[in-house]
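Below: the structure, in structure tokens.
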Amino acid sequence: MGSSKVQRLSGMQKQVLSLYRGFLRAARSKSEEERCKIESIISQEFRRNAEDVDRKNFLYIEYLLRRGNKQLDQLKNPGTTGLSSLQLHYSHPSSKG
Amino acid sequence: MAASRSTLPLMKYLRVRVDALPRNTPLTLASNLLIRRFSEEVRGCFLDKSEVTDRVISCVKNFQKVDPSKVNPNAHFQNDLGLDSLDSVEIVMALEEEFGFEIPDNEADKINSIKLAVDFIASHPQAK
């Protein structure tokens, strides 16, 4: 049995999880097929950033959060049917300490 | 010749300084005790805890990254099931759909085990 210590989430971590949750909620309002695509893309994007981005690179993380929130706002628009109209960039971030 | 002397009244030029002394009246703190009662009748709207437990476990077992044999009422999402925080978000989202109500972010962040999920859902009147 693992220890039941409560992991305190930092403020920035909470923002990331909140953004992730927001995307999943927005995906619900789309068609079933489109929803699967959105969830897959979002999952990959968040996990890739989780691995690539240095957690102490606060400036870059804040930038990603702002960009993510803008993309989420677009996705919430009923006119947006999927993520193809969003310009997600897959370039690797340069996390220089 | 008689010299007449007119004596000016000295009181005319005297000035007396008057200091106003502020008096502090202590305010008595009146404490109002509010007694609140929650109706026991509301309890009828909540789901049965064992039913909630079964449904939560079933929901978590369906999660692709989860080893079903490790899922038990005391399992912790990250320590026991090996999930990360993004996975936890997805699980809580799945539970929302299973029980038909939305869990606010600040509450969702705290749910990181089967037990906490069951406790929250079983005590929520909107759970279906």
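Top to bottom, those sequences are chains E and V.
My numbering numbers the first residue of the first sequence as 1 and each following residue consecutively.
My numbering numbers the first residue of the second sequence as 1001 and each following residue consecutively.
Even glycine gets a Cβ: it sits at the ideal position worked out from N, Cα and C.
This one's a predicted model, so the numbers in the text were calculated from it and none came from an experiment.
Where residue i falls: helix, strand or coil (DSSP)
i, result
"Ser31 of chain E", "coil"
"Arg55 of chain E", "coil"
"Ser85 of chain E", "Any answer about Ser85 of chain E is weak, because its pLDDT of 48 lies below 50 and its placement is not dependable; what the coordinates show is given next. DSSP places Ser85 of chain E in helix when its eight states are reduced to three."
"Gly79 of chain E", "coil"
"Lys1128 of chain V", "coil"
"Ser18 of chain E", "helix"
"Ser43 of chain E", "helix"
Length of the line joining the Cα atoms of residue i and residue j
i, j, result
"Asn1062 of chain V", "Arg21 of chain E", "19 Å"
"Asn69 of chain E", "Asp1084 of chain V", "22 Å"
"Phe1046 of chain V", "Asn57 of chain E", "45 Å"
"Asp52 of chain E", "Met12 of chain E", "16 Å"
"Asp1067 of chain V", "Leu1081 of chain V", "7 Å"
"Asn1074 of chain V", "Glu34 of chain E", "35 Å"
"Ala1094 of chain V", "Gly79 of chain E", "25 Å"
"Ile1114 of chain V", "Asp1105 of chain V", "17 Å"
"Gln74 of chain E", "Leu19 of chain E", "13 Å"
"Ile1103 of chain V", "Gln71 of chain E", "23 Å"
"Ser1123 of chain V", "Val1052 of chain V", "10 Å"
"Ser40 of chain E", "Ile61 of chain E", "21 Å"
"Gln15 of chain E", "Ile38 of chain E", "20 Å"
"Arg47 of chain E", "Ser1069 of chain V", "26 Å"
"Lys1049 of chain V", "Leu24 of chain E", "27 Å"
"Thr81 of chain E", "Glu32 of chain E", "11 Å"
"Leu59 of chain E", "Arg66 of chain E", "11 Å"
"Asp54 of chain E", "Ser10 of chain E", "15 Å"
"Ile1156 of chain V", "Leu1086 of chain V", "Outside the shown range of chain V (1001 to 1128) lies residue 1156 of chain V, about which nothing can therefore be said."
"Ser43 of chain E", "Lys1128 of chain V", "28 Å"
Classification of residue i by the beta-carbon crowding that lies within 10 angstroms, buried from 16 upward
i, result
"Lys30 of chain E", "buried"
"Ile17 of chain E", "Residue identity differs from the one stated: residue 17 of chain E is Leu in this sequence, not Ile. It counts as buried."
"Glu1107 of chain V", "exposed"
"Asn1072 of chain V", "exposed"
"Val1056 of chain V", "buried"
"Asp1109 of chain V", "buried"
"Val1118 of chain V", "buried"
"Glu45 of chain E", "buried"
Close beta carbons around residue i, own chain, < 7 Å, minus the five adjacent residues each side
i, result
"Lys76 of chain E", "Ala26"
"Lys1065 of chain V", "Leu1083 and Asp1087"
Cβ neighbours of residue i in the same chain (closer than 8 Å, five flanking residues each side left out)
i, result
"Ser1088 of chain V", "Phe1077, Gln1078, Ile1111 and Asn1112"
"Arg1015 of chain V", "none"
"Gln1126 of chain V", "Gly1100 and Phe1101"
"Cys1059 of chain V", "Ile1091, Ala1094, Leu1095 and Glu1098"
"Arg28 of chain E", "Arg35"
"Leu1034 of chain V", "At Leu1034 of chain V, the pLDDT of 46 sits below 50, so the modelled position is not reliable and the matter cannot be decided from this model."
"Pro1116 of chain V", "Contrary to the premise, residue 1116 of chain V reads as Leu rather than Pro in this sequence. So the list reads Lys1110, once near-sequence residues are dropped."
Item to check | Every unbroken alpha helix (DSSP H) within the stretch 1066-1124 of chain V, with a cutoff of 4 residues, ordered by chain | outcome: Complete alpha helix (DSSP H) runs here, min 4: 1085-1099, 1105-1108 and 1114-1122.
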